[in-house]
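Following: one structure in structure tokens, then a few remarks.
Protein chains: 2
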Amino acid sequence: MTSTVIAERRTSIGAQRNPASQEAILKAAADILRETGLSGFSIEAVARRAHAGKPTIYRWWSSRAALLLDVYHDQKHVEPVPDTGTIESDLFAFVTALFDYWRDSDAGSIFRFVIAEAQSDATTSAALRTYMAERIDQTAELVRRATRRGEISADVDPELTIELLAGFAWSRLLTGRLDMEPQRLHRLVRQMVWGLKSHGNCGGDR
Amino acid sequence: MTSTVIAERRTSIGAQRNPASQEAILKAAADILRETGLSGFSIEAVARRAHAGKPTIYRWWSSRAALLLDVYHDQKHVEPVPDTGTIESDLFAFVTALFDYWRDSDAGSIFRFVIAEAQSDATTSAALRTYMAERIDQTAELVRRATRRGEISADVDPELTIELLAGFAWSRLLTGRLDMEPQRLHRLVRQMVWGLKSHGNCGGDR
DNA sequence: CCATAACGAAACGATGCGTTTCATTCAAGC
DNA sequence: GCTTGAATGAAACGCATCGTTTCGTTATGG
Chain A
117 MTSTVIAERR
127 TSIGAQRNPA
137 SQEAILKAAA
147 DILRETGLSG
157 FSIEAVARRA
167 HAGKPTIYRW
177 WSSRAALLLD
187 VYHDQKHVEP
197 VPDTGTIESD
207 LFAFVTALFD
217 YWRDSDAGSI
227 FRFVIAEAQS
237 DATTSAALRT
247 YMAERIDQTA
257 ELVRRATRRG
267 EISADVDPEL
277 TIELLAGFAW
287 SRLLTGRLDM
297 EPQRLHRLVR
307 QMVWGLKSHG
317 NCGGDR
Chain B
117 MTSTVIAERR
127 TSIGAQRNPA
137 SQEAILKAAA
147 DILRETGLSG
157 FSIEAVARRA
167 HAGKPTIYRW
177 WSSRAALLLD
187 VYHDQKHVEP
197 VPDTGTIESD
207 LFAFVTALFD
217 YWRDSDAGSI
227 FRFVIAEAQS
237 DATTSAALRT
247 YMAERIDQTA
257 ELVRRATRRG
267 EISADVDPEL
277 TIELLAGFAW
287 SRLLTGRLDM
297 EPQRLHRLVR
307 QMVWGLKSHG
317 NCGGDR
């Protein structure tokens, strides 16, 4: 990844968007985010690194936030909603995959920056809300399946249940504490499923 | 709030810090945060509004983040940990007070900015982690009491339980969705206490 | 009484902002 | 096949804020 071939000057390919430029800009933006964080992420810096003109960037992205969101969408992969047969292991698989994904790729830090940017920029805020609502709705299917199986109480709120676990993951991401032992995470999930109460002889086989 | 008396020029009171300047700077900073948000919060803007010199600000605060943290600590009040007798209503009181406090004062938006700033600034990040750990430890007392009462299972993790609920509150704060109906919040808490499972004849009187 | 330090104001060079100008390259349309 | 027009990278613009330095003023503490 020494990028020996970035020095050559790109040019117009006619009256249409140059995909090579778009690609180079997104790549440069992602690299800068990874290497210097949000504070080094300026249009000027991206243009320099991508060997692109600033007007080219401003022509295709309306703001720094718009570019940031594009980088984020590029990074993001949609992990399938787990379906293991029990809600307990589904929830555990979900939150474990989330932690691993954020920790082992650049997606985690980029997502942090999107959340941070959303606190100042209305466009980013709206995009984040929409994205979050979608993801929660998708993942809540896991809870709905359990309800249909009769595994859990019928009055459980699927979205809120996912939001509870996802919010916990957010706070861990935002405070740089993604390094949790799996069994501690598992205990937390089991607690969510079974409740805080002592269970005596009732219910499951724990 | 026409602020008719801010125009007079302060001056040195000798070889010591001028409390009037400190006060004016913190006040101006809080006002700017409330009125224009984090994006308008620059040292330059604070100095202008406080009729203070920039060197005066830099002498007492090392960075924008340090000033932000001071404003935050000024705003913050310590709400007592609820003690109603049952963990269910304790948790509900805790999360309701948190939502109300964030929504009805400036503390919520200031806290958002601290979290955002912590994603770029190491000092803010460390301060946020320390603060969060303290608050969680304090509030976890609520869970420990329930354990001592024998109300809940002995292997419940007190800190993690609070963190779960607090993380949910964070995500709501950061996405501007603090407007929850109390009964929905209450159902969530009840679900945490009793678990997602159907309960049949076992356990409490719900 | 005098050294010392904090104060507000003003200006510094550096940097990024968003925009404009320019010559160049090529696809689309007549 | 030639012209029109849009996209490209580079360079420069005026403007704003950055963090720092310089300056004259003020008044405490030794």
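Listed in order, the protein sequences are those of chains A and B. Residue numbers for the first sequence follow our numbering, beginning at 117 and rising by one. Residue numbers for the second sequence follow our numbering, beginning at 117 and rising by one. Each residue gets a CB set at the ideal place from its N, CA and C atoms; glycine is no exception.
Taken through DSSP and simplified to helix, strand or coil, A/Lys-192 comes out as coil. Non-local C-beta neighbours of A/Lys-192 in its own chain, meaning closer than 7 Å and more than five positions away in sequence, comprise Ala-223, ordered along the chain.
In summary, A/Tyr-174 is exposed, with fewer than 16 beta-carbon neighbours lying within 10 Å of its beta-carbon over all protein chains present. In the DSSP assignment, A/Phe-157 falls outside any alpha helix (DSSP H) and carries neither an H nor an E.
Taking a contact as a CB-CB distance under 8 Å, the pair A/Leu-312 and B/Ile-268 counts as one, their CB atoms being some 4 Å apart. Beta-carbon to beta-carbon, B/Leu-301 and B/Thr-212 are separated by about 6 Å, close enough to satisfy the 8 Å threshold. Contact check for A/Ala-146 against A/Val-187 passes: the beta carbons are separated by less than 9 Å.
The Cβ neighbour count for B/Pro-274, taken over all protein chains shown within 10 Å, is at least 16; the residue is labelled buried.
Rounded to whole angstroms, the Cβ separation of A/Gln-235 and B/Phe-229 is 6 Å, and the two are in contact under 8 Å. Between B/Glu-257 and B/Val-197, the CB-CB gap stays under 9 Å.
For the options A/Val-162, A/Ser-137, A/Asp-190 and A/Gln-307, the alpha carbon positioned closest to that of B/Ala-270 is the one of A/Gln-307.
Within the region 208-224 of chain B, no residue has a Cβ lying closer than 8 Å to any Cβ of chain A. For A/Ile-268, the secondary structure class from DSSP, reduced to helix, strand or coil, is strand.
Counting only Cβ-Cβ distances below 7 Å, A/Ser-155 has contacts in chain B at Ser-236, in chain order. Taking 9 Å as the CB threshold, A/Ile-203 lines the interface with chain B. Per DSSP, A/Lys-170 has no beta bridge partner at all. Of all residues in the region 283-306 of chain A, only Gly-283, Phe-284, Ala-285, Trp-286, Ser-287, Arg-288, Leu-290, Thr-291, Gly-292, Arg-293, Arg-300, Arg-303 and Leu-304 place a beta-carbon less than 8 Å from a beta-carbon of chain B.
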